[in-house]
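Colleague: Pasting a structure below so you can have a look.
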Amino acid sequence: MKITPIALYDILLKEFGNLNWWPKDKKYHEKNSSDPRFEVIIGTILTQNTAWSNVEKAINNLKEKNMLDIKKISRSDMVILPNLIKPSGYFNQKAERLKNLAMYIYNNYNGNLDLFFNRNPQEIRDELLSQNGIGPETADSILLYAGNLPIFVVDAYTKRICQRIPFKVDIKYDEIQDFFQSELSKLYKANKLTKVYNELHAQIVILGKTYCKKKPNCIECPILKNCNFGIQLSK
DNA sequence: GTCCAGGGCCGTT
DNA sequence: AACGGCCATGGA
């Protein structure tokens, strides 16, 4: 049975409901009057090729030291910071990346994320991509989940699912992103796209973690009947 | 013990 | 353009 990105979204929305990503600690930010968008930005770097459970440990360490702050990260000691984020893995690289980005935003936008995000998304994206350690997925996650901008995030799960279904699209980041964005904007109005991209990427991650793993669990997968990979497997 | 996770960079073909 | 090695922890 043929499936489109729109149909995929329908199925996953029924299966998982609204997930309201990105995961963040609202209570913490209310209590400390800190900016939850910066927690998202930190999370996008810490979760690079890393299980989220490990990222949570790192973020908790930052909270305990009151370091979940753009100014403090931008001035952090490069012995202390890697140590705090150690559970997230690649901690030396990630500490550099975090500090560089925090310094960039702090120096050029006075740490003001409203100023940073209130521009043409393409311009912000190019700027993010020019930073060391920020590739397309991290940049787009920042745009979508911190900036609330209508940019679809492609990750390893998205690529895997595109191949397994399969969608008729070249397996490259930009091609897949263009494919999802052009398909979904056929049905949804421009002012709904941020919400749709937010939910669909979140649902794809859950689908990937739960069913469409490297070693997949197709039998219980909600898109079994719409996926060539699962159909072949169940024969 | 082995495999894997919500990538990205760099050097080599 | 494409590919391999590298970065590293913690849970399954």
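For my numbering, add 3 to where a residue sits in the first sequence, where the first one is 1.
Cβ coordinates follow ideal geometry from the N, Cα and C atoms, glycine included.
Along the chain, where does the alpha helix (DSSP H) that runs through Lys162 open and close?
Modeller: Looking at the DSSP string, the run of the alpha helix (DSSP H) that includes Lys162 is Ala159 to Arg167.
Colleague: If you pair each beta-carbon of the stretch 175-195 with each one of the stretch 114-125, do three or more pairs fall below 8 Å?
Modeller: No: fewer than three Cβ pairs fall under 8 Å.
Colleague: Pick helix, strand or coil for Tyr214, following the three-state DSSP scheme.
Modeller: Residue state, collapsed to three classes: coil.
Colleague: Classify Met106 as helix, strand or coil using the three-state DSSP reduction.
Modeller: It is helical.
Colleague: Report all residues from its chain with a CB closer than 7 Å to the CB of Gln166; omit the five preceding and five following residues, and keep chain order.
Modeller: Cβ neighbours of Gln166 beyond the five flanking positions: Ile174.
Colleague: Which residues in the same chain as Glu18 place their Cβ atom closer than 6 Å to its Cβ, once the five residues preceding and following it in sequence are excluded?
Modeller: The answer, listed in chain order, is Pro225.
Colleague: Considering just the uninterrupted stretch of the alpha helix (DSSP H) at Ala142, what are its terminal residues?
Modeller: Segment Pro139 to Ser144, the alpha helix (DSSP H) holding Ala142.
Colleague: Comparing C-alpha positions only, which one of Lys34, Glu33, Arg40 and Ser36 sits nearest to Trp24?
Modeller: It is Arg40 whose Cα lies nearest to the Cα of Trp24.
Colleague: With a 10 Å radius around its C-beta and 16 neighbouring C-beta atoms as the bar for buried, classify Ala105 as buried or exposed.
Modeller: Ala105 comes out buried.
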